[in-house]
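Protein chains: 2
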Amino acid sequence: MLKGKMVVAQGGGPTAVINQSLVGAVLEARRFHNVEAVYGARHGVRGIVNEEFFDLTREPVESLEAVANTPASALGSTRDKPDEKYCRDIFKSLRAHGINWFMYIGGNDSSDTVRIVAEEAHKSNYALRCVHIPKTIDNDLVENDHTPGFPSAARYVMQAFMGADHDNHSLPGVYLAVVMGRHAGFLTAASAMARHHRDDGPHLIYLPEREFSVDRFLADVKSVYDRLGRCVIAVSEGIHDASGTPIIAQLAKTVEKDAHGNVQLSGSGALGDLLTDTIKDRLGIKRVRGDTYGYAQRSFAGIVSAVDRREAREVAERAVVHGVADDQDGSITIRRVPTGFYAVDYVPVALSVVGGKTKTMPATFIAPSGTDITTEFTDYLRPLMGTDVPVRATLAAPAVPKLLEK
Amino acid sequence: MLKGKMVVAQGGGPTAVINQSLVGAVLEARRFHNVEAVYGARHGVRGIVNEEFFDLTREPVESLEAVANTPASALGSTRDKPDEKYCRDIFKSLRAHGINWFMYIGGNDSSDTVRIVAEEAHKSNYALRCVHIPKTIDNDLVENDHTPGFPSAARYVMQAFMGADHDNHSLPGVYLAVVMGRHAGFLTAASAMARHHRDDGPHLIYLPEREFSVDRFLADVKSVYDRLGRCVIAVSEGIHDASGTPIIAQLAKTVEKDAHGNVQLSGSGALGDLLTDTIKDRLGIKRVRGDTYGYAQRSFAGIVSAVDRREAREVAERAVVHGVADDQDGSITIRRVPTGFYAVDYVPVALSVVGGKTKTMPATFIAPSGTDITTEFTDYLRPLMGTDVPVRATLAAPAVPKLLEK
Numbered sequence: 004m005l006k007g008k009m010v011v012a013q014g015g016g017p018t019a020v021i022n023q024s025l026v027g028a029v030l031e032a033r034r035f036h037n038v039e040a041v042y043g044a045r046h047g048v049r050g051i052v053n054e055e056f057f058d059l060t061r062e063p064v065e066s067l068e069a070v071a072n073t074p075a076s077a078l079g080s081t082r083d084k085p086d087e088k089y090c091r092d093i094f095k096s097l098r099a100h101g102i103n104w105f106m107y108i109g110g111n112d113s114s115d116t117v118r119i120v121a122e123e124a125h126k127s128n129y130a131l132r133c134v135h136i137p138k139t140i141d142n143d144l145v146e147n148d149h150t151p152g153f154p155s156a157a158r159y160v161m162q163a164f165m166g167a168d169h170d171n172h173s174l175p176g177v178y179l180a181v182v183m184g185r186h187a188g189f190l191t192a193a194s195a196m197a198r199h200h201r202d203d204g205p206h207l208i209y210l211p212e213r214e215f216s217v218d219r220f221l222a223d224v225k226s227v228y229d230r231l232g233r234c235v236i237a238v239s240e241g242i243h244d245a246s247g248t249p250i251i252a253q254l255a256k257t258v259e260k261d262a263h264g265n266v267q268l269s270g271s272g273a274l275g276d277l278l279t280d281t282i283k284d285r286l287g288i289k290r291v292r293g294d295t296y297g298y299a300q301r302s303f304a305g306i307v308s309a310v311d312r313r314e315a316r317e318v319a320e321r322a323v324v325h326g327v328a329d330d331q332d333g334s335i336t337i338r339r340v341p342t343g344f345y346a347v348d349y350v351p352v353a354l355s356v357v358g359g360k361t362k363t364m365p366a367t368f369i370a371p372s373g374t375d376i377t378t379e380f381t382d383y384l385r386p387l388m389g390t391d392v393p394v395r396a397t398l399a400a401p402a403v404p405k406l407l408e409k
Numbered sequence: 004m005l006k007g008k009m010v011v012a013q014g015g016g017p018t019a020v021i022n023q024s025l026v027g028a029v030l031e032a033r034r035f036h037n038v039e040a041v042y043g044a045r046h047g048v049r050g051i052v053n054e055e056f057f058d059l060t061r062e063p064v065e066s067l068e069a070v071a072n073t074p075a076s077a078l079g080s081t082r083d084k085p086d087e088k089y090c091r092d093i094f095k096s097l098r099a100h101g102i103n104w105f106m107y108i109g110g111n112d113s114s115d116t117v118r119i120v121a122e123e124a125h126k127s128n129y130a131l132r133c134v135h136i137p138k139t140i141d142n143d144l145v146e147n148d149h150t151p152g153f154p155s156a157a158r159y160v161m162q163a164f165m166g167a168d169h170d171n172h173s174l175p176g177v178y179l180a181v182v183m184g185r186h187a188g189f190l191t192a193a194s195a196m197a198r199h200h201r202d203d204g205p206h207l208i209y210l211p212e213r214e215f216s217v218d219r220f221l222a223d224v225k226s227v228y229d230r231l232g233r234c235v236i237a238v239s240e241g242i243h244d245a246s247g248t249p250i251i252a253q254l255a256k257t258v259e260k261d262a263h264g265n266v267q268l269s270g271s272g273a274l275g276d277l278l279t280d281t282i283k284d285r286l287g288i289k290r291v292r293g294d295t296y297g298y299a300q301r302s303f304a305g306i307v308s309a310v311d312r313r314e315a316r317e318v319a320e321r322a323v324v325h326g327v328a329d330d331q332d333g334s335i336t337i338r339r340v341p342t343g344f345y346a347v348d349y350v351p352v353a354l355s356v357v358g359g360k361t362k363t364m365p366a367t368f369i370a371p372s373g374t375d376i377t378t379e380f381t382d383y384l385r386p387l388m389g390t391d392v393p394v395r396a397t398l399a400a401p402a403v404p405k406l407l408e409k
């Protein structure tokens, strides 16, 4: 039986429940007497290379539980994408500190890092068990029904659109919000969960899985606006044209040409502003408002799906059992069990299966129009949203007949 | 005793609890036998002029209670600012429908409208009682300790900054978010409630009550960034220079000059993007991110302060009692009672006292630096935030000594 230390680290974009996974791993590891200490690495793999370790064995349970309920990566994260040399440096540091278990909470890049480190350990005949714990608000890891972080981000997007649609109903016009997710449209599609009654928005949903044409977009908006006197639109930040060129670059060029100079485009509000300006200019609609949901989608304090919270904890616990009790490498995936009720299994797969691959929305989740989703998608997403989901209500009182001659 | 119908309407920007006031007025009015029916006017005063009334006496209690918990104006709102002629048209419609009570939920423009309509009624010897019910996320109504809608918006801003600050701690850099409130900085200042521990952000807070200088701003950001390796900034959308020129116009001009043409500035992401670009260009900091919190601040479904919810209901009930039982015109204000605990009184004042005036942050709420708030402000705001406020937690485990030679 292996005996030694464990290191836990967090990589990539934070989520609202990534600390549940951290705490799940730490507390589960404490159950095993052969795990002598659990270290946390500061800022992911970078902290491992730089030997920035914290002894989480010294962190009291109450403190860990409080951290579990705090959004974003408590250990710090990194955007470093390790190459082979970097992975060898990771391994060197782990070995020097007598670490026998490497648990990495991250997306598909992180899972690939875990794979290379595991290979390095095998080559050196060093007993290191490497387990990848999934997380990403983009929901784009293959082999997973869904990924921790996504349900809570989906809740944020749903609740934002629910409010924005009521707001737009109060003061009609066109409202557009840009949602995170460069390649996969799951989070943008989650906006559809905001709809409860007929004609509730979002009325149009633009996903990166479909080509975006500015002319078709304007025709879609005009059609909804002519019918309802208002229009609420969800747009993925990753929308692109037939050639794969991001729309932000395409619209930017037009603006640049108009202005004969450099137009500031960096910063997260740019795509939303360009699209709302295009609607104003070309459709002549006066009240056009754009929001870009930004970092609140992944980090907002206080919006967590209860399902997401539980699963983020459980998947990390399962990872520790896989590495310590089962003495295995792997990536733990979340599978939905077809019982008729909502239930999941945590299934370990080889590290190479998940790493570097991206899942996008299946065609069955996207309506033929390309600007809406199917009930297959809402059936998929609904059980992930958790408890206490806000319910929308509107007045249904009868109109009073007019009395004045006009 | 007056006998007749009541009309309720909602004006200006929606809030998360404005429907609590609507439902409070409707249910309270049902207790009075001399109120024969309660109408709701669609889209505020515009609906009154156009005789777009709904008979809310026909709306079941359960349905009203569901609407009360839904953000944004269920009756629809309007940005119309009635002149004297418009107010006379309002009065004409109210009179035609046998309405004896006019309850208007809105900000200081709305209160001024109520005043003019009341004067018109007096001139015509028509028995119309006119009561203004306060609401605004800007918290800028005079005579009020605070206004319904503000505490819930403040909660949104606090929870967004709490998450954003953790996110920025995970992946360090500069993070800036633009907060609503053109003239009053209360909502921007609410970002300070996100701080729990030393060095928690926001580290800099820019209010419209103080002059904004781009050079001083850059020096402030550099100073925090040099000290902490990161910086989180709250900026009011209303920041302006010494001459009162909005910063967005000032920065825009620079961009325009660079580009020798028209730069797109409309749309809500512009100020945030311009400020983040300025930081990148002039301080050479690489990771600079900007969000603009947008409509979620006033409409997000599911973030309501329990105190705000209760007060929005109560102030409207008090308005009905004032108009029906006390047979009076007026605007109902919220006063804090100095008991040592948090308690408020609802005090009617003359319509002319509130209308058209704007309250801004008192100097005692603003730190001498001009980039922070005082504990007097946090003491003021804390009891308004309601229950279940998220608590932040960070890891405190000891660092592990390094072993590798570097």
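Residue numbers (our numbering), protein chains in the order written: chain A, 4 to 409; chain B, 4 to 409.
Yeah, the Cβ is synthetic: ideal placement off N, Cα and C, and Gly gets one too.
Among residues of its own chain, excluding the 5 on either side of residue i, which ones have a beta-carbon nearer than 6 Å to its beta-carbon?
| i | result |
| --- | --- |
| Ala75 of chain B | Pro17 and Ser302 |
| Ser334 of chain A | Ser114, His135, Val352, Leu354 and Val357 |
| Lys260 of chain B | Bear in mind that a pLDDT of 35 at Lys260 of chain B, under 50, signals an unreliable position, so the number given afterwards is only what the model happens to contain. Taken in chain order, the list of residues that qualify is empty. |
| Arg312 of chain A | Val20 and Gln23 |
| Arg321 of chain A | Ile335 and Tyr349 |
Can you grab the Cα-Cα spacing for the pair residue i / residue j, in whole Å?
| i | j | result |
| --- | --- | --- |
| Pro1 of chain A | Ile119 of chain B | Outside the modelled stretch of chain A, which goes from 4 to 409, sits residue 1 of chain A, for which no answer is possible. |
| Val324 of chain B | Val145 of chain B | 22 Å |
| Thr377 of chain B | His206 of chain B | 13 Å |
| Leu407 of chain B | Leu277 of chain B | 44 Å |
| Ile288 of chain B | Ser96 of chain B | 60 Å |
| Gly176 of chain B | Asp280 of chain B | 13 Å |
| Asn111 of chain B | Ile337 of chain A | 53 Å |
| Val10 of chain A | Val350 of chain A | 22 Å |
| Ala130 of chain A | Ile51 of chain A | 17 Å |
| Thr257 of chain A | Val217 of chain A | At Thr257 of chain A, the pLDDT of 47 sits below 50, so the modelled position is not reliable; the number obtained from the coordinates is stated separately. Between Thr257 of chain A and Val217 of chain A, the C-alpha separation is close to 12 Å. |
| Ala71 of chain A | Asp168 of chain A | 32 Å |
| Arg285 of chain A | Leu221 of chain A | 8 Å |
| Thr73 of chain A | Ala19 of chain A | 7 Å |
| His46 of chain A | Lys126 of chain A | 26 Å |
| Pro404 of chain B | Arg198 of chain B | 30 Å |
| Asp450 of chain A | Arg49 of chain A | Nothing can be reported for residue 450 of chain A, as the shown portion of chain A is limited to 4 through 409. |
| Val291 of chain B | Gly275 of chain B | 11 Å |
Starting from the C-beta of residue i, find all residues in its chain whose C-beta is less than 7 Å away, skip the five residues before and the five after it, and write them out in chain order.
| i | result |
| --- | --- |
| Thr60 of chain A | Ala40 and Val41 |
| Asp202 of chain A | Leu231 |
| Gly373 of chain B | Arg213 |
| Thr367 of chain A | Thr377 and Glu379 |
| Glu123 of chain A | Cys90, Arg91 and Phe94 |
| Val392 of chain A | none |
So is residue i buried or exposed if we call it buried at 16+ other beta carbons inside 10 Å?
| i | result |
| --- | --- |
| Glu54 of chain B | buried |
| Phe3 of chain A | Since the first residue of chain A shown is 4 and the last is 409, residue 3 of chain A is not available in this structure. |
| Arg82 of chain B | exposed |
| Glu31 of chain B | buried |
| Val64 of chain B | exposed |
| Thr390 of chain A | exposed |
| His172 of chain A | buried |
| Ser155 of chain B | buried |
| Pro137 of chain A | buried |
| Met4 of chain A | exposed |
| Gln267 of chain B | Low confidence applies here, because Gln267 of chain B scores a pLDDT of 34, under 50, leaving its location unreliable; read the following figure in that light. Buried, since its Cβ has 16 or more Cβ neighbours within 10 Å. |
| Ala12 of chain A | buried |
| Thr475 of chain B | Not covered by the structure: residue 475 of chain B. The range shown for chain B is 4 to 409. |
| His100 of chain B | buried |
To which residues of the same chain is residue i closer than 8 Å at the C-beta, ignoring the five residues directly before and after it?
| i | result |
| --- | --- |
| Thr381 of chain A | Ala195 and Met196 |
| Gln253 of chain A | Val217 and Asp244 |
Can you find at least 3 beta carbon pairs, one from the segment 160–176 of chain A and one from the segment 224–240 of chain A, that sit closer than 8 Å?
-> Cβ pair count under 8 Å is three or more, so yes.
Contact between the segment 172–180 of chain B and the segment 277–296 of chain B (3+ Cβ pairs under 8 Å) | Remark: three or more beta-carbon pairs, one from each stretch, lie closer than 8 Å, so the segment 172–180 of chain B and the segment 277–296 of chain B are flagged as touching.
The segment 149–158 of chain B touching the segment 6–25 of chain A, judged by at least three CB pairs closer than 8 Å = no
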